[in-house]
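The structure under discussion appears below in the form of structure tokens.
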Amino acid sequence: MSRIEELANRYRKHIAAPWQRNLAGEQKIIFIVYPKTDERKLRARLELFELATIESGYKWRFFDFTQTFARWMSNQEYKEIYFEEPEDLAIPLESEFPHFAANELRKVLTGEDVDSDTVVAVYGVASLYGFTKVSAVLKEVVRDIRGRLVVFFPGEFENNNYRLLDARDGWNYLAIPITLHNGVSD
Numbered sequence: 002m003s004r005i006e007e008l009a010n011r012y013r014k015h016i017a018a019p020w021q022r023n024l025a026g027e028q029k030i031i032f033i034v035y036p037k038t039d040e041r042k043l044r045a046r047l048e049l050f051e052l053a054t055i056e057s058g059y060k061w062r063f064f065d066f067t068q069t070f071a072r073w074m075s076n077q078e079y080k081e082i083y084f085e086e087p088e089d090l091a092i093p094l095e096s097e098f099p100h101f102a103a104n105e106l107r108k109v110l111t112g113e114d115v116d117s118d119t120v121v122a123v124y125g126v127a128s129l130y131g132f133t134k135v136s137a138v139l140k141e142v143v144r145d146i147r148g149r150l151v152v153f154f155p156g157e158f159e160n161n162n163y164r165l166l167d168a169r170d171g172w173n174y175l176a177i178p179i180t181l182h183n184g185v186s187d
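Sequential numbering of the sequence shown, starting at 2, is according to the numbering used here.
What follows is the structure in structure tokens.
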């Protein structure tokens with residue numbers, strides 16, 4: 002069985018369990034943690050997770066962060082200057098981009114077809130690397146999570162810390178990790 006199939010099986014067991022309804026937003030987040038080298042394999046097999054969700058009686062919606070920076074940048078008034086002087090992009094990246102990324106995700110989380118029985122699956126978070134932190138984006142949307150938010154996370158989970166792409170200092174988060182090493186952690 003491949004690593005992605007194993008993660009999908011572990012996810013299936015977790016998502017099929019009865020959902021607690023009175024959780025804080027942070028507790029409604031599930032991180033599927035996988036080796037960064039498996040990003041393309043995971044994208045090719047997302048239907049395993051979708052099928053597990055639907056077979057468990059829940060709805061599935063997805064959001065892809067891959068093009069988020071490009072969409073944000075294309076709307077910048079001074080984009081040509083930023084390409085000539087990339088250091089001038091530092092302030093807008095820090096102050097504006099996390100909000101833009103969160104608002105893009107929020108559109109899916111608050112969509113008319115999303116309710117307390119919906120899993121919103123997020124992938125492409127590696128494309129945020131170098132522009133903003135995943136934690137900054139999630140912090141802005143926790144109140145908008147109606148059902149569950151599943152974040153496909155290429156990196157590591159160790160000692161209650163998540164490290165995107167194994168490169169950035171980790172952060173401690175209340176989300177439920179599903180990993181290859183220990184299944185579902187509580």
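Positions of the beta carbon are idealized from the N, C-alpha and C atoms, including for glycine.
Kindly list the residues whose CB is nearer than 6 Å to the CB of residue i, restricted to its own chain and excluding five residues on each side of it in sequence; keep chain order.
| i | result |
| --- | --- |
| residue 184 | Below a pLDDT of 50, predicted positions are generally treated as unreliable, and residue 184, at 46, falls in that range; no measurement from the model is reported. |
| residue 34 | 154, 158, 178, 180 |
| residue 145 | 107, 110, 111 |
| residue 44 | none |
Measure the CB-CB distance between residue i and residue j and report whether it falls below 8 Å.
| i | j | result |
| --- | --- | --- |
| residue 123 | residue 143 | no |
| residue 22 | residue 117 | yes |
| residue 50 | residue 73 | no |
| residue 150 | residue 30 | yes |
| residue 5 | residue 39 | yes |
| residue 46 | residue 119 | no |
| residue 18 | residue 53 | no |
| residue 244 | residue 65 | Look at the range of the chain in this structure, 2 to 187, and you will see that residue 244 is not part of it. |
| residue 133 | residue 176 | no |
Grab the span of the beta strand (DSSP E) containing residue i for me, first residue to last.
| i | result |
| --- | --- |
| residue 62 | 60 to 65 |
| residue 157 | 149 to 159 |
| residue 122 | 119 to 124 |
| residue 178 | 177 to 180 |
Span of the alpha helix (DSSP H) holding residue i?
| i | result |
| --- | --- |
| residue 38 | Careful: residue 38 lies outside any alpha helix (DSSP H) and carries neither H nor E. |
| residue 10 | 4 to 17 |
Which same chain residues, not among the five before or five after residue i, have their C-beta less than 8 Å away from its C-beta?
| i | result |
| --- | --- |
| residue 148 | 20, 29, 59, 60, 115, 116, 117, 118, 119, 120, 121 |
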